[in-house]
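Structure below.
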């Protein structure tokens, strides 16, 4: 396996990747990853990630100034046949989602952090035929079942923001996934999906497909995003959760 992995990494096949919790730190952790001998372990994890994927230090900001492993690339057969691959980092800056992972940040909770959101807005404005967006955790499954320890429902202000984000996407109730997903910070999920919707309506993509993992099963999903005054007409987005189809 080691030899096969090395041969793949050293081949001419372009490889793009992101990480999830067990690659980054510990189970379900984000920015609150515990210190290791008093040292922030996140930059060390990032350095190891880049080394293991053989990513050269040729002005790639992930080797220097960028906190997080997010990146993008456009694979173009022609000016019109362009596939835009975006890999998100939903770990490095992610706020605690439950009190067991750190102090709740309420309505200030974030999945990507300010710098990555600014970068991602720019990526959505780049033209392509298809955008493939990789996230370690699922995007499309709706809201997490009600749990008073969920940081996105930890006080009155965050509960209002939680419910508003759910209602905006035409979802009702709290019967969604119990597993780790973007639904744990629903206003961040809403923003991600609305930016995808706007990108489609602006003609910057003909289709947007999310690729995720983490769930221990394979899944294909489609979601309709309701029309919105700021983001345009209703649009469909898709998601592939990568795993063997066992459930």
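In UniProt numbering, the protein residues as written are 1 to 247.
We put the CB at the ideal spot given by N, CA and C, even for glycine.
Three-way DSSP call (helix, strand, coil) for residue i in this model
i: residue 27; result: coil
i: residue 135; result: coil
i: residue 33; result: coil
i: residue 108; result: helix
i: residue 92; result: coil
i: residue 5; result: helix
i: residue 21; result: helix
i: residue 14; result: coil
i: residue 61; result: helix
Endpoints, alpha helix (DSSP H) assigned at residue i
i: residue 195; result: 186-201
i: residue 47; result: 42-52
i: residue 159; result: 156-168
i: residue 118; result: 114-124
Cβ-Cβ separation, residue j to residue i (assumed contact under 8 angstroms), whole Å
i: residue 203; j: residue 241; result: Between residue 241 and residue 203 the Cβ distance is about 28 angstroms, and since that is not below 8 angstroms, they are no contact.
i: residue 193; j: residue 169; result: 7 angstroms
i: residue 158; j: residue 107; result: 5 angstroms
i: residue 86; j: residue 72; result: 5 angstroms
i: residue 105; j: residue 143; result: Actually they do not touch by this definition, with Cβ atoms about 18 angstroms apart.
i: residue 237; j: residue 196; result: 5 angstroms
i: residue 19; j: residue 69; result: 6 angstroms
i: residue 82; j: residue 90; result: About 25 angstroms separates the two Cβ atoms, so there is no contact after all.
Span of the beta strand (DSSP E) around residue i
i: residue 85; result: 82-87
i: residue 211; result: 207-212
i: residue 72; result: 71-76
Counterpart residues of residue i in DSSP-defined beta bridges
i: residue 235; result: 225
i: residue 241; result: 212, 219
i: residue 150; result: 98
i: residue 39; result: 36
i: residue 143; result: DSSP output for residue 143 lists no bridge partner at all.
i: residue 181; result: 138
i: residue 130; result: 83, 207
Residue i CB to nearest heavy atom of the ligand FMN below 7 angstroms
i: residue 7; result: Here there are no bound small molecules, and the ligand FMN is not part of this structure.
Q | Inter-stretch contact at 8 angstroms, needing at least 3 Cβ pairs: the segment 95-105 / the segment 47-60 | A | no
Review point. Given 8 angstroms as the limit, is there contact between the segment 211-228 and the segment 127-146, that is, 3 or more CB pairs closer than that?
Key: Yes, the segment 211-228 touches the segment 127-146.
Three Cβ pairs or more, each shorter than 8 angstroms: is that satisfied between the segment 55-65 and the segment 113-122?
Touching, no.
> With contact counted as at least three CB pairs below 8 angstroms, one residue from each stretch, are the segment 220-236 and the segment 148-156 in contact?
Replying inline: Remark: fewer than three beta-carbon pairs, one from each stretch, lie closer than 8 angstroms, so the segment 220-236 and the segment 148-156 are not flagged as touching.
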